[in-house]
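> Numbering (the working numbering), first residue to last: 23 to 267.
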Ligand SMILES: NC(=O)c1ccc[n+]([C@@H]2O[C@H](COP(=O)([O-])OP(=O)(O)OC[C@H]3O[C@@H](n4cnc5c(N)ncnc54)[C@H](OP(=O)(O)O)[C@@H]3O)[C@@H](O)[C@H]2O)c1
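Set out below in structure tokens:
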């Protein structure tokens, strides 16, 4: 798998799945950039990466001006990974402000980065991976904002494919249930069946990251435009992930 000569941007690349994707893309030979919301978070990510080189940018995904400035660099690969789970609570128990913040982060910000990326990619080609979720397709109690935002993101994936699929490859990708801080927040909430899963049952972030790096290669061309899931046996085999037990 080689991504030599490609320039990639990973949003929310300072921890969790985003950080693992930064590592996987860099190891595949891409020149990798990532966003983080503070200089301290950039430094922590670079410490975690060790000898792996990646360029951190201090930017909040919801800051439209910062994102526009960031895209003065032309990216061949865009990974929309930044996301938040909250507000966690049943519909009567969450505020409209918190609900809107989730949609702004998980959906509207991804629309903005997509729009910025497409201005360049429609001329040169490129790959966009939207980090999706099973929650895009199945409601979970207490996650109305998260489910609605991820469902919207899945439709954004399909819209990009419909409008620009002859120039740009776009994928939705559900990473499975992954051992990150987000799952720690989910476990602490205790609100739905996902929160009851023991930490020992969760997958390491390196697994979805390896699959996402594979999606960035031409081998994944036939799957463009689809919502994919790391638990799919054929996809796992193609991305050289071990079969699930
Ligand atoms: N973990 C799972 O089981 C799972 C399952 C399905 C889908 N996903 C999806 O996978 C993606 C990564 O999740 P994760 O589990 O790695 O979560 P995580 O450990 O909580 O990390 C989330 C990342 O997103 C960043 N972020 C959040 N809001 C942001 C904003 N406004 N601007 C810039 N960055 C922002 C965070 O930055 P800070 O460090 O500054 O907060 C952090 O880098 C998300 O889209 C999530 O919905 C995860």
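C-beta: ideal position from N, C-alpha, C; glycine also.
Going by the DSSP bridge assignment, what does residue 251 pair with across the sheet?
196
> If you draw a straight line from the C-alpha of residue 75 to the C-alpha of residue 112, how long is it?
42 angstroms
> Around the C-beta of residue 218, are 16 or more other C-beta atoms found within 10 angstroms, so that it is buried, or is it exposed?
Per the 10 Å Cβ criterion, exposed.
> Should residue 98 go down as buried or exposed, given a rule of 16 or more other Cβ atoms within 10 Å for buried?
buried
> At a cut-off of 8 angstroms, is residue 104 close to ligand 1 when judged by its beta-carbon and the heavy atoms of the ligand?
yes
> Find the nearest neighbour of residue 242 within the set 225, 226, 262, 223, judged by alpha-carbon distance.
Here the closest residue by C-alpha is 262.
> Below 8 angstroms, is the gap between the Cβ of residue 151 and the nearest heavy atom of ligand 1?
Outside the cutoff, so no.
> Please determine, among 45, 29, 101, 85, the residue with the shortest C-alpha to C-alpha distance to residue 237.
101
> Within the same chain, show all residues whose beta-carbon is closer than 6 angstroms to that of residue 53, passing over the 5 residues directly before and after it, in chain order.
29
> DSSP on residue 159, reduced to helix/strand/coil?
It is coil, neither helix nor strand.
> If you follow the alpha helix (DSSP H) that residue 100 is in, where does it begin and where does it stop?
That residue, residue 100, is in no alpha helix (DSSP H); its beta strand (DSSP E) goes 99-102.
> For residue 178 and residue 61, what's the separation of their Cα atoms in angstroms?
31 angstroms
> Pick out the complete alpha helix (DSSP H) segments inside the segment 220-245, 4 residues or longer, and give them in chain order.
228-237
> On a CA-only basis, which of 58, 235, 87, 83 is nearest residue 77? Give me that one, please.
58
> Hey, would you say residue 135 sits closer than 9 angstroms to residue 89, going by beta carbons?
yes
> For residue 124, which residues of its own chain have a beta-carbon under 7 angstroms away from its beta-carbon, when the five flanking residues on both sides are left out?
Counting only Cβ-Cβ distances below 7 angstroms, and skipping sequence neighbours, we find 106, 108, 109, 167, 168, 171.
> CA-CA distance, residue 92 and residue 132?
14 angstroms
> Would you kindly check if the distance between the Cβ of residue 189 and the Cβ of residue 145 is under 9 angstroms?
It is a contact, given that the beta carbons lie within the stated cut-off.
> Report the three-state DSSP secondary structure of residue 96 (helix, strand or coil).
coil
> For residue 225, which option in 248, 187, 266 has the closest C-alpha, if you only look at C-alpha atoms?
266
> With respect to 8 angstroms, is the separation between the Cβ of residue 197 and the closest non-hydrogen atom of ligand 1 below this value?
yes
> First and last residue of the beta strand (DSSP E) that includes residue 29?
29-32
> Which residues mark the beginning and the end of the alpha helix (DSSP H) in which residue 65 is found?
61-71
> On the three-state DSSP scale, how would you describe residue 148?
Reduced to three states, the DSSP call for residue 148 is strand.
> Who are the near neighbours of residue 200 in its chain, counting only those whose CB is closer than 8 angstroms to its CB and skipping five residues on each side?
38, 39, 224, 225, 226, 227, 229, 230
> Do residue 104 and residue 249 have their CB atoms nearer than 9 angstroms?
no
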